[in-house]
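In the working numbering, the protein residues as written are 128 to 483.
Even glycine gets a Cβ: it sits at the ideal position worked out from N, Cα and C.
Being a predicted model, the structure only gives us computed values, none of them experimental.
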Ligand code: ADP
Ligand code: CIR
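Here it is in structure tokens:
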């Protein structure tokens, strides 16, 4: 049973969501009185409550999603809330649907989306992974953070050729180096209020860090939002090369590090928007005519299942007309299809820009 103090916080949080006129999150949309009453007393084996799930979206009323899963079991225990959020975000993935098995497909089907180098500044494909046997951020101990970092570091040290690089722990990194890595779009930001409210930043910076090769075309984030974020990126639009590099890296890591995977949900992540393939394939792109009005850009991008973010990532504005445009859904389709969705959409957006 949930204790009275937690119940009081839950009731206040529910009221805050209901009373807010500015809140348009999926949390607010699907946490109906009926669902709230059903879920408010539930607890997972690790002790996670509905409060752990919703506190980020309650504190941050401008959330798009608003929920996180403190542990894998939460996706089931609080399914009445997670299921409709997942279905809405991932374009109709129903509670009865099963995510397809991992399939990166034929890399040769991918192209350079902007061979003339006129629109695309850079391209990035990332996926998230969780280590089997460990819960998500809010339930991790300081010792587990260290242990996970050690395990990952050991496997990172075995990368060869183009993927060979070094691991840089956040602990001890000087602020200037850290900020430069953030400004250059290589490193996660610090003090994300959505993650902080979700209790995902405890013991920071313990166990957190970044690995990258010399060219900074292959990177890995350790213990930020997810246990692992595996990233391939470079200037220009050569999606084939970039995705090919990511696939090579993922296959190497999984030889030694077993990932958390669920039959229905695919690869498990802290945020339900990242489940399934966990793939976000994006371009940094300038479309001066189409993007003259961000609302219009979002409307057109939406037709191709694409999401528009600002220059520094989620919840940021565009700087100098540069937008981050990526596939939105990550579930109910294969890795190949998720990346292809981005490729096809971006090719269309460039076509529209040219015709304007
Ligand atoms: P995530 O992609 O992991 O969901 P963010 O939206 O916060 O998280 O983006 C992480 C970083 O990656 C940000 O600095 C963002 O600007 C950068 N980024 C995303 N796409 C690209 C891209 N195509 N080229 C360069 N940087 C990118
Ligand atoms: C929100 O709801 O807007 C934030 N909690 C972010 C949600 C999706 N992004 C993410 O997982 N990084």
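Taking each of 472, 359, 182 and 347 in turn and checking the Cα distance to residue 252, the smallest one comes out for 359. Remark: the shortest separation between the CB of residue 441 and any heavy atom of the ligand CIR falls under 7 angstroms. CA-CA distance, residue 149 to residue 370, rounds to 38 angstroms. Here the C-alpha atom of residue 244 lies approximately 29 angstroms from the C-alpha atom of residue 255. Beta-bridge analysis with DSSP links residue 254 to 357. Beta bridge pairing from DSSP links residue 347 with 338 and 357. Under DSSP, residue 450 takes part in a beta bridge, and its partners are 412.
For residue 374, the enclosing alpha helix (DSSP H) starts and ends at 366 to 381. Beta-bridge partners assigned by DSSP to residue 388: 394.
In the structure shown, residue 417 adopts helical secondary structure according to DSSP, grouped into three states. In the structure shown, residue 314 falls within a coil segment according to DSSP collapsed to helix, strand and coil. If you look at residue 154, you'll find it in the alpha helix (DSSP H) that goes 153 to 157. In this model, residue 141 and residue 379 are separated by some 44 angstroms (Cα to Cα). As DSSP reads the structure, residue 307 sits in no beta bridge.
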